[in-house]
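A short write-up of the structure that comes next.
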Amino acid sequence: MKRALFISLLFMSGIWGISQEYFLVNHIAEEGWTTTITVYNDGIADQTVTLHYWHATGEAETTFSDLVIPADGAATFDNTLFGYDGVAEIEAQPDSPVRVKLSYQYGSSHSLAEFMLPKNSSPGGTFKRTWVIPNPYLSHMDWLGFAIANFNTGNAHVVLTAYKDGTEVDNVGIDVLPNGKYVDVSSGFFSGLNYADIDMVTIDSDITIPDPVAIIGNTEQDRHLFFLGAGFQRLWAFTRSYTVPHVAESNWHTTITAINASDAAETVTLNSWHSNGSADQVDVLFPVPAHGSLVLSAGTHFDYEGTATVTANTTVRVKLSYQYQDSLSISDFVLDQTIGTEWILPNSVHNWFQWFGIAVANSNDSEVAIALDAYKDGVLLGT
């Protein structure tokens, strides 16, 4: 089993019970890729889950029942179980300690994309119907794609709108079949629009569906980024704050990008702190153009080796990026506002990795005690 590390914050937070839990896999890639679903159990008793798989067109459901996830352990499922080019759903018991990670690897390349899936209280997905997907344009990438799935009983009508330099450049509507998916590169959605022709895409669905997946890669298929689209509010907007738990040292590029999905310019507020907790930047305001973005960089807009928060309207989402010097290895993901008292940090063990690290930040005004438990094969190694 892959090593896992569990972190518990020792203060109270509200817990909401739900009837059943679903983790939705928008995209099981075609043959040539390895798609891996890893289910973690942060509990003292074994858990069982059910995996449902459908082909890309929503046909031929296959159900794998009573899959056992060991206590304080994990189980991994890949294409050898469910095949290629489809969608999947992990169904867990109510209030289960189960969490799910999704991984993609092309062939034997060292380009590995992994992220945790959100938990849903409905097989149809979250309550979201609008998303923004930024295009993190990189000179060593050549294409941008999207995977959009529908786990409802009827078609989902989805509208994708592409923007460049704040101006709409194309708009297209598609229908996604029940338990099916729609996957293509940008030029397949928007005729004639390639990777460098798009800054961002907004996605609107007439019914709730899971977060779309953005896929970015190069022609050689040895560099990739996968990340979930960021849901946002068009109406009843309110202010949210996003925490950057780690600003790396000066030999890394740490970049914060604010993405504005609205028709009007917005303003974001940056606060940052040094590693010792002392203030760096205090309530600094930055404008973000309509359907545009703002890039803030460590060493220019805030200090290295610290933490930060960005406060913005809900039409603005915040993306965090890390790059070591001039390496072509980029880590890029959209920040969530999720807070809580317990997390699981799975370790991705591959023969081209040598170390595993953790960054824990405290955005409160008072000290917080934390406890870390490390496990290997379900056995507690240390606390």
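Under this note's numbering, the first residue of the sequence shown is numbered 38, with each subsequent residue one higher. Where a beta carbon is used, it is the ideal one built from N, C-alpha and C, also for glycine.
7 Å CB neighbourhood of residue i in its chain, flanking five on each side removed
i, result
"E404", "none"
"G203", "P326, A327, H328 and G329"
"N308", "Q318, V319, D320, A345 and T346"
"A302", "P324, V325, P326 and A327"
"W389", "H147"
"A295", "V305, V325, S330, L331, V347, A349, V353 and V355"
"G80", "A108 and P134"
Buried or exposed (CB count within 10 angstroms, at least 16 for buried), residue i
i, result
"G217", "buried"
"P131", "exposed"
"G69", "exposed"
"Y174", "exposed"
"H426", "Absent from the model: residue 426. The displayed extent of the chain is 38 to 420, so no value can be given."
"H64", "buried"
"I367", "buried"
Nonlocal neighbours in the same chain, by C-beta distance under 6 Å from residue i, ignoring five residues either side
i, result
"I170", "V238, A251 and G266"
"L181", "N172, S223, Y232 and I253"
"H92", "G123"
"S358", "T292 and D369"
"I52", "Note that I52 scores a pLDDT of 35, beneath 50, so its modelled location is shaky and nothing firm can be said."
"M178", "I253 and N255"
"Y361", "W289"
"Y143", "W70 and Q258"
"H421", "No statement about residue 421 is possible, as the shown extent of the chain runs from 38 to 420 and does not include it."
"F226", "L197 and V209"
In DSSP terms, what residue i is bridged to
i, result
"V405", "BP columns for V405 are empty, so no partner."
"G254", "W180 and H261"
"E67", "DSSP output for E67 lists no bridge partner at all."
"L240", "The amino acid occupying residue 240 in the given sequence is Ile; Leu does not appear at that position. The partner list for I240 (beta bridge, DSSP) reads W168 and L197."
"T337", "According to DSSP, which records beta bridges pairwise, T337 is partnered with nothing at all."
"A21", "It is not possible to answer for residue 21, since the shown part of the chain is limited to 38 through 420."
"H92", "G123"
"I81", "In the DSSP output, where bridge partners are listed per residue, I81 has none listed."
"D212", "H194"
"R277", "A349"
Rounded separation between residue i and residue j - CA only
i, j, result
"T306", "N297", "14 Å"
"A398", "I74", "28 Å"
"A129", "M153", "15 Å"
"D236", "F275", "25 Å"
"S145", "I376", "36 Å"
"Q258", "A406", "43 Å"
"S334", "S242", "33 Å"
"F188", "V213", "9 Å"
"T351", "F269", "6 Å"
"W168", "G394", "31 Å"
"H338", "G229", "36 Å"
"V371", "F101", "32 Å"
"E205", "V195", "17 Å"
"N313", "A193", "49 Å"
"Y341", "V332", "16 Å"
"D300", "Y200", "11 Å"
"R354", "D234", "21 Å"
"T378", "P155", "16 Å"
"F119", "T99", "8 Å"
"G419", "K413", "10 Å"
"A66", "Y121", "6 Å"
"A408", "W380", "11 Å"
Contact set for residue i: own chain, Cβ-Cβ below 8 Å, skip 5 residues either direction
i, result
"N157", "E58, Y59, F60, L61, T163 and P247"
"V105", "D83, Q84, T85 and A112"
"G415", "M38, P107, A108, D109 and G110"
"D373", "Y279"
"D402", "none"
Test: residue i CB closer than 9 Å to a CB of chain C
i, result
"P247", "Absent from the structure: chain C. Only one protein chain is present."
Minimum length 4: unbroken alpha helix (DSSP H) runs contained in the region 128 to 177: none
Start-end ranges of the beta strand (DSSP E) lying completely within the region 290 to 373, minimum 3 residues: 303 to 311, 321 to 325, 330 to 334, 343 to 350, 353 to 361 and 367 to 371
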